[in-house]
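Residue numbers (the UniProt record's numbering): 1 to 102.
Here you go:
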């Protein structure tokens, strides 16, 4: 039960991070649009820096998402192994009690 709760917590955190990432991407896109509309002398430099920053941000978010997904998968696997081990121990204990009563 505790492992299932942990997995649900990880899933919830993962969803929160994905939402925050999407909001950051949307915010950066809005800033970029606003900067592109600002036709100052250094417009091309600003646009280049914004694109580079956006690409860096997107790649960082992609890596973070991938790492979080790996952690969730590992947690799910460990919960499954723990559940199987618990069932095996319970079965072994019950068999041992059966032998003790004989």
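Every residue gets a Cβ at the ideal spot worked out from N, C-alpha and C, and that includes glycine.
Tell me which same chain residues have a C-beta within less than 6 Å of the C-beta of residue 21, skipping the five on either side of it? 61
Have a look at residue 18 and residue 81 and give me their C-alpha separation to the nearest angstrom. 28 Å
Cα separation between residue 53 and residue 7? 33 Å
Contact check, residue 75 vs residue 10, beta carbons under 8 Å: yes
Other residues of its chain near residue 34: CB distance less than 7 Å, five sequence neighbours each side excluded: Excluding residues within five positions, none has a Cβ falling inside 7 Å.
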